[in-house]
Amino acid sequence: MQPNELTKKWIITGIVSGLLVSFIYPALMFISFPQAVQTVLIMIFGPLLAFSSAGLYFFISLHKKTISASAALVSNIIAGILITTMLLVQVAIRSSHPEEISDTSNWIWTSLNRVHLGLDASWDVYIALGTLLFALSMFNHPKLGKIISISGLLISVALIILNAISFPVPPSNAGLFDLGPIVGLWYFIITLMIIFRLKWVDEKLKSYRD
9 MQPNELTKKW
19 IITGIVSGLL
29 VSFIYPALMF
39 ISFPQAVQTV
49 LIMIFGPLLA
59 FSSAGLYFFI
69 SLHKKTISAS
79 AALVSNIIAG
89 ILITTMLLVQ
99 VAIRSSHPEE
109 ISDTSNWIWT
119 SLNRVHLGLD
129 ASWDVYIALG
139 TLLFALSMFN
149 HPKLGKIISI
159 SGLLISVALI
169 ILNAISFPVP
179 PSNAGLFDLG
189 PIVGLWYFII
199 TLMIIFRLKW
209 VDEKLKSYRD
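If you want it as structure tokens, here you go:
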């Protein structure tokens, strides 16, 4: 397979994965699934986030390869690992909640919950960093541009600040605004933008072959 073919396949894979992530993320937040279905969705969410980020990386790199885009991909892959770990730990903790709580079991339960909260904060840090770096690499991109870039920079910085203020609990639990859905919407918009710019991808790849 030629490098150009691989680039196009990664971009298409990123689009499909991005659309699936855009469905799974709000579904896990707002829909009560049977535990088996919930677990499967959690297991595939992290890898799909990584694949969608890889597709975005290749799309950005068609214009210009940058350190920021490469670092963003690495950061989002780590974020995918962390959110899968965090959500699976969350499900495991909830399924093992004791019916009768003594002082000792309450301390153990609280300690386990702190582990989940720490993973939640770690996920937010890495997805915010990945978003910031991707946004930075989009600033001069001819098919993404400054508006989507600046909005991503502002969202990611705000996400980091809110998590720093509310730590160790999530911002939503501390009476602050939850930017998670906004981050998800930002990536969904980018996925749609890439879909409508596939002709540009083909033209760019053709110019490399010529």
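Residue numbering for the sequence shown follows the working numbering, starting at 9 and increasing by one per position.
Cβ coordinates follow ideal geometry from the N, Cα and C atoms, glycine included.
| Query | Result |
| --- | --- |
| Segment limits, alpha helix (DSSP H) that includes F185 | It is not in any alpha helix (DSSP H) - F185 carries neither H nor E in the DSSP assignment. |
| DSSP three-state assignment for Q205, whether helix, strand or coil | In the sequence on display, residue 205 carries Arg and not Gln. Coil, per DSSP. |
| Under the three-state DSSP convention, the category T93 falls into | helix |
| Three-pair Cβ contact test at 8 Å for the stretch 90-100 versus the stretch 160-178 | no |
| Cβ separation of V191 and L167, assumed to be a contact under 8 Å, to the nearest whole Å | 7 Å |
| Length of the line joining the Cα atoms of A74 and P34 | In the sequence as displayed, the identity of residue 74 is Thr instead of Ala. When rounded, the distance between both Cα atoms is 31 Å. |
| S40 beta carbon less than 8 Å from that of T199 | no |
| C-alpha distance - F53 paired with I32, whole-angstrom precision | 7 Å |
| Cβ distance (whole Å) where S61 is taken to contact G153 below 8 Å | So it is not a contact: roughly 19 Å between Cβ atoms. |
| Best match in W131, L64, A44, G126 for proximity to L90 [C-alpha to C-alpha] | W131 |
| Segment limits, alpha helix (DSSP H) that includes K154 | 153-174 |
| Boundaries (first-last residue) of the alpha helix (DSSP H) holding F223 | This structure gives no information on residue 223, because the portion of the chain shown stretches from 9 to 218. |
| Nearest neighbour of T136, chosen from L125, K72, I169 [CA to CA] | It should be noted that the sequence gives Ala, not Thr, for residue 136. That would be I169, whose Cα lies nearest to the Cα of A136. |
| Exposure label - G160; buried when at least 16 CB within 10 Å | buried |
| Cβ-based neighbour list, G26, same chain, cut-off 6 Å, excluding 5 preceding and 5 following | S60, T199 |
| 7 Å CB neighbourhood of F147 in its chain, flanking five on each side removed | K154, S157 |
| C-alpha distance - P128 paired with K17, whole-angstrom precision | Looking at the sequence shown, residue 128 is not Pro but Asp. One C-alpha to the other measures close to 32 Å. |
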